[in-house]
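Chains as they are written, first to last, in this note's numbering: chain U, 1058 to 1186; chain G, 615 to 740; chain W, -6 to 352. Worksheet: the structure to be examined is printed underneath.
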């Protein structure tokens, strides 16, 4: 409980690049980009760190609306953006190093994106290959 | 001076012997709390299935009509989660590590019939 | 000049404990560009959170990584405890700190050993692992597991250490410190280590910050970024000072890890001095609701466990940003311009843990 409360600021996709630019100019470090399902849609959260305090920006996302990549500002974002693109199927435009879906190779495309995965309980098998 | 240090190390190593244990020819080190493998006292089991529900590795199968408790020892990660959930405390973790095998070992333990006397058997399917 | 060729590095390579693939664009012997690609060991552990009880998931979150397992479990618990508003007993926080530091030492010794092996110094490798064995013994004695401790629970820890055990740990620390001094001396002075590490894989200070590096990589480049300074868990009561080096090369990153061994020992002594008596676990009722970004310092750097729950038994989302993932852009930067023969050493200095990275 001693941990600090975190506030997450929700902004529009159009404002993203501007806001991230100002974070970069203020000397923040990009900590992570994460994606989570929110109802039917998704939300992408950008976390920045300065003096060991986290600040979060959140934008709504969906698989049919591309998000502008911030890798021109923070090159490090390419790993997170490729990961989200591969796991959730949310397109990003203009990633500095775009793997086009080969960064994380999964047998089912976009496993986190839609509810196409169901856990099947298998009978224990006698033989193990 | 360096030669002296080296000679000392060599002598020490000659006296002390190897730092390793020739496992599995020698038994592995164990402590009283080591998690080695999972065992069940089937006589106390009420086949409630809580261990199956909470197993993070899906290694346990419980069948109430057949009165069997089945553990896939290859899948079991010996976390002890089932032990903490068991209402009758019939699951426990023993200290000895299981020997390495090339095939999955599935332990099926059949419990005694509820009203009749015991018919306990243990079979290991390969 | 000469024409460029592409040399594939990995996913199977003697220095790599886990599969990562790098396409090295070479000009003669010099690396011009390195393009990493991962995805060989994606296990979908994050997806599993939707199917498992949030209390049972602790065991799965510990298995995200085979080396920094304890801190993964502890950070996940921190996140869930935060959204459920549970205040865990102080003693449990101290015990978590002690075990965290032990697992940090064992991870660093493993890395120092692998690093020595990577540059072809096998005896040093064996010596590092011999010392590591002593730490694993303590972990096994106190938790029951050598590498996967499995003592974290939502609401505390499941195992206590009695006064005799704490005393025994304290009495073993001086001999560990001697061992560490000897190992660090070799890494610090030996010619083999120096020629393979000094001035190689430079990551300038501003670049390290820009690329969002974490852990020993950014501390080796002169930034004091260590989440333990924020005082999560019991760290607010311990005297912690981050280890920082300014050389920004492989040697600096190696020495940061070597010096952190001593920091960890100090922290353990500190924690044992100040550990309060009391319970180790509080009962947890109900289901979590809310979201939180829990962070902690792992041997490899800052880890973020994002937990999101909506009042059900299963969490809605669990996302782990592992330190290796954050260090990949820095690795790409370090590799550009180095010699092909130095690639293994540079790859090792970020302490790649690919299993963690892909979850």
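Think of the CB as a built atom: it goes at the ideal place given N, C-alpha and C, for glycine as much as any other residue.
Item	Value
Among 311(W), 218(W), 342(W) and 82(W), which one has its Cα closest to the Cα of residue 104(W)?	342(W)
With distances taken Cα to Cα, identify the nearest neighbour of residue 1113(U) among 1169(U), 1073(U) and 1164(U).	1073(U)
Looking at the C-beta of residue 714(G), does it have a partner C-beta in chain W at a distance below 7 Å?	no
Using a beta-carbon distance cut-off of less than 9 Å, what residues from the stretch 1129 to 1152 of chain U approach chain W?	1131, 1132, 1133, 1134, 1135, 1136, 1137, 1140, 1143 and 1144
Alpha helix (DSSP H) containing residue 627(G): first to last residue?	616 to 630
Kindly list the residues whose CB is nearer than 6 Å to the CB of residue 249(W), restricted to its own chain and excluding five residues on each side of it in sequence; keep chain order.	209, 212, 213, 236 and 238
Quick check: the stretch 194 to 205 of chain W against the stretch 29 to 38 of chain W, are at least 3 beta-carbon pairs closer than 8 Å?	no
So the alpha helix (DSSP H) residue 340(W) belongs to, where does it begin and stop?	336 to 342
If you pair each beta-carbon of the stretch 665 to 684 of chain G with each one of the stretch 156 to 164 of chain W, do three or more pairs fall below 8 Å?	no
Quick one: does residue 64(W) have its CB under 7 Å from some CB of chain U?	no
Do you know how far the Cα of residue 654(G) is from the Cα of residue 730(G)?	Note that residue 730(G) scores 48 on pLDDT, short of 50, meaning its location in the model is unreliable and no value can be drawn from it.
With residue 106(W) as the anchor, note down where its alpha helix (DSSP H) starts and where it stops.	83 to 111
Does residue 649(G) come within less than 7 Å of chain W when only Cβ atoms are used?	yes
Mind pulling the chain G residues with CB within less than 9 Å of residue 123(W)?	633 and 634
Which of the three DSSP states is assigned to residue 1090(U) in this structure?	strand
What did DSSP end up calling residue 46(W) once you bin it into helix, strand or coil?	coil
State yes or no: is the C-beta of residue 11(W) within less than 7 Å of the C-beta of residue 141(W)?	no
Which whole-angstrom value describes the C-beta separation of residue 289(W) and residue 64(W), a residue pair presumed to lie in contact below a C-beta threshold of 8 Å?	6 Å
Is the beta carbon of residue 658(G) sitting closer than 7 Å to the one on residue 630(G)?	no
Which two residues bound the contiguous alpha helix (DSSP H) that contains residue 721(G)?	Looking at the DSSP string, residue 721(G) is not in any alpha helix (DSSP H); the run it does join, the beta strand (DSSP E), is 720 to 724.
What does residue 53(W) reach in chain G if we use C-beta pairs closer than 7 Å?	670
Between the stretch 161 to 177 of chain W and the stretch 295 to 305 of chain W, do three or more beta carbon pairs fall short of 8 Å?	no
Residue 167(W) by DSSP, collapsed to three states: which one?	helix
Looking at C-alpha atoms only, which residue of 1150(U), 1105(U) and 1122(U) is the closest neighbour of residue 1098(U)?	1122(U)
Let me know if residue 617(G) comes out buried or exposed under the rule of 16 or more other beta-carbons within 10 Å of its beta-carbon.	exposed
Given that residue 1088(U) touches chain W, what residues does it touch there, using C-beta distances under 9 Å?	205, 207, 286, 288, 295, 297, 314 and 319
On the premise that residue 189(W) lies in contact with residue 0(W), defined as a C-beta separation below 8 Å, what is that separation, rounded to the nearest angstrom?	Contact flag wrong, Cβ pair sits at about 20 Å.
Using C-beta distances below 6 Å, list every residue in its chain close to residue 676(G), excluding the 5 sequence neighbours before and after it, in chain order.	661, 663, 666 and 683
Taking only beta-carbon atoms, is residue 223(W) less than 7 Å away from chain U?	yes
If residue 1170(U) sits next to residue 1149(U), beta carbons under 8 Å apart, how far is it from one beta carbon to the other, in whole angstroms?	No, residue 1170(U) and residue 1149(U) are not in contact; Cβ-Cβ is about 14 Å, not under 8 Å.
Taking the Cβ atom as the reference point for each residue, do residue 689(G) and residue 644(G) lie within a distance shorter than 7 Å?	no
What number of angstroms, rounded off, separates the C-alpha of residue 83(W) from the C-alpha of residue 1093(U)?	32 Å
According to DSSP, is residue -3(W) part of a helix, a strand, or is it coil?	strand
Residues of chain U with CB closer than 7 Å to the CB of residue 37(W), please, in chain order.	1168
Cβ of residue 70(W) within 7 Å of Cβ of residue 144(W)?	no
Are there 16 or more other CB atoms within 10 angstroms of the CB of residue 734(G), so buried, or fewer, so exposed?	Any answer about residue 734(G) is weak, because its pLDDT of 46 lies below 50 and its placement is not dependable; what the coordinates show is given next. It counts as exposed.
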